[in-house]
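Mapping of the sequence shown onto the working numbering: position 294 corresponds to residue 539, and the numbering continues sequentially without gaps.
Positions of the beta carbon are idealized from the N, C-alpha and C atoms, including for glycine.
Accompanying notes for the structure given below.
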Amino acid sequence: MTMIASPRPLYGLLLLLAASWTSAQEPPRVEAVRVVERPVIETVPLTGSVTAEQRSLLSPQVAGLVSRLAVDAGDRVEAGDLLLELDSELVSIDRDQAAADLASAEAQWADSERQLNEARSLRDGAIAASDIRRLEAEERVSRANRDAARARLNRLEAELERHQLRAPFNGVVSSRQVDLGEWVSPGNPLMELVASAPLRVHFQVPQRYFPRVSEQSSLSLRFDAYPDTEVIGRVHRKVPLSETGARTFLLRVTPPDDAPELIPGLSTSGLLELNTDRTGLAVPRDALIRYPDGRVSVWVITEAEQGQVSGVREQQVTPGISASGWVEIRSGLSSGDVVVTLGNEALQEGQNVVPERIAESHANDQGGRR
Numbered sequence: 246m247t248m249i250a251s252p253r254p255l256y257g258l259l260l261l262l263a264a265s266w267t268s269a270q271e272p273p274r275v276e277a278v279r280v281v282e283r284p285v286i287e288t289v290p291l292t293g294s295v296t297a298e299q300r301s302l303l304s305p306q307v308a309g310l311v312s313r314l315a316v317d318a319g320d321r322v323e324a325g326d327l328l329l330e331l332d333s334e335l336v337s338i339d340r341d342q343a344a345a346d347l348a349s350a351e352a353q354w355a356d357s358e359r360q361l362n363e364a365r366s367l368r369d370g371a372i373a374a375s376d377i378r379r380l381e382a383e384e385r386v387s388r389a390n391r392d393a394a395r396a397r398l399n400r401l402e403a404e405l406e407r408h409q410l411r412a413p414f415n416g417v418v419s420s421r422q423v424d425l426g427e428w429v430s431p432g433n434p435l436m437e438l439v440a441s442a443p444l445r446v447h448f449q450v451p452q453r454y455f456p457r458v459s460e461q462s463s464l465s466l467r468f469d470a471y472p473d474t475e476v477i478g479r480v481h482r483k484v485p486l487s488e489t490g491a492r493t494f495l496l497r498v499t500p501p502d503d504a505p506e507l508i509p510g511l512s513t514s515g516l517l518e519l520n521t522d523r524t525g526l527a528v529p530r531d532a533l534i535r536y537p538d539g540r541v542s543v544w545v546i547t548e549a550e551q552g553q554v555s556g557v558r559e560q561q562v563t564p565g566i567s568a569s570g571w572v573e574i575r576s577g578l579s580s581g582d583v584v585v586t587l588g589n590e591a592l593q594e595g596q597n598v599v600p601e602r603i604a605e606s607h608a609n610d611q612g613g614r615r
């Protein structure tokens, strides 16, 4: 029996090829942006680190033997917390003796004052004037003895207090250079305390930017420990002193409250934003086509209308410095031109496209910072 092949599979294949051919001829859909003049803001890349406002090497005020260690490296402390204590047995004995001497002196003064008051209360002539003067002198002496005893007690209590090393501010004990039982003297560094707040980010900035930096300047900050997090910091202080060798000046920046947990020494990168007091054209970085020979071009939509078929032409441009996803265009474009930002990878000269979206690039759009 002779079998006749059915034409249906071949017919379906032809329909599929025809549909593919028709689809291939449809103008590609692209996204674009309309170019306008905008303020040009320059960004300066910087590298710095997080720094504590306070960092102190703590020393004892008196000599003595370390009898107690209350903290170790890495411990967080608050102002007034005990860090270590020196042996104070002898000073405590002297303090107790001084307290007893003060009590005795106060009793003697109280008695002399009582006698003087009684003598003064007697009628005239009942006691000799010389006796009154003697009692007044005794009262003054006993009062002076009382004050001297009180001063000695205060001195010993202050000396006793100085046998304790306490935290002068909130922070973290970064290191400890003493062990239990060591003899220490005033001036010996025993511990280092680093303030936990406030923290600043320090950058060394090329000195040519010094006149343009103000306390209103802002920076975008990225920390090596949090590579996916970007926050905006504000200039806290610029130090008006240039490093002779590096030709830089110190810029101290305050990180925002919503910054991740920071620690002193954390490496930080920043972009300093500076106003150039001029305007210029800028396009999104995605609009640029870069060639191996160094040429840079964009695709300009002619007679662009959203949703309508339009032609494209390739336009060579001269880019400036780029930042924040935008690139300044120094030549090659005019205000009002519409350039392709998405779908420009395989366009050809004179090809038709359909702009699905034409974004308006407003002059005050912060995306145009360079």
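{"Check": "Can at least three beta-carbon pairs, one atom from the region 413-432 and one from the region 302-318, be found at a separation below 8 Å?", "Outcome": "yes"}
{"Check": "Mapping the DSSP letters down to three states, classify V562 as helix, strand or coil.", "Outcome": "coil"}
{"Check": "Using a Cβ distance threshold of 8 Å, determine whether the region 272-292 contacts the region 361-379, with at least three qualifying pairs required.", "Outcome": "no"}
{"Check": "For the candidate residues D522, G539, L519 and A315, whose alpha-carbon lies nearest to that of L410?", "Outcome": "A315"}
{"Check": "Does the structure place the region 517-524 close enough to the region 282-290 that three or more beta carbon pairs sit under 8 Å?", "Outcome": "yes"}
{"Check": "Leaving aside the five residues before and after R457 along the sequence, list all residues of the same chain whose C-beta is less than 6 Å from its C-beta, in chain order.", "Outcome": "L519"}
{"Check": "Over the uninterrupted alpha helix (DSSP H) stretch that includes R395, give me the two end residues.", "Outcome": "A374 to E406"}
{"Check": "Hey, could you find the ends of the beta strand (DSSP E) L310 is sitting in?", "Outcome": "G309 to L314"}
{"Check": "With D346 as the anchor, note down where its alpha helix (DSSP H) starts and where it stops.", "Outcome": "E334 to S366"}
{"Check": "Which runs of the beta strand (DSSP E), 3 residues or longer, sit entirely within the region 394-471?", "Outcome": "409-411, 416-421, 436-440, 444-451 and 463-468"}
{"Check": "With DSSP run on the structure shown, which of helix, strand or coil describes R602?", "Outcome": "strand"}
{"Check": "Have a look at L310 and Q422 and give me their C-alpha separation to the nearest angstrom.", "Outcome": "14 Å"}
{"Check": "Examine the Cβ distances between the region 400-420 and the region 447-456 and report whether three or more of them are shorter than 8 Å.", "Outcome": "no"}
{"Check": "How many Å lie between E298 and E330 at the Cα?", "Outcome": "27 Å"}
{"Check": "Thinking C-alpha only, which one of F494, Q461 and G490 is nearest V484?", "Outcome": "F494"}
{"Check": "Leaving out the 5 sequence neighbours to the left and right, which residues in its chain are closer than 7 Å to S523 when beta-carbon positions are compared?", "Outcome": "According to the sequence provided, residue 523 is Arg. The question's Ser does not apply to it. Closer than 7 Å at Cβ, skipping near neighbours: V285."}
{"Check": "Quick one, which of S419, I372, S357 and E573 has its alpha-carbon nearest A389's?", "Outcome": "S357"}
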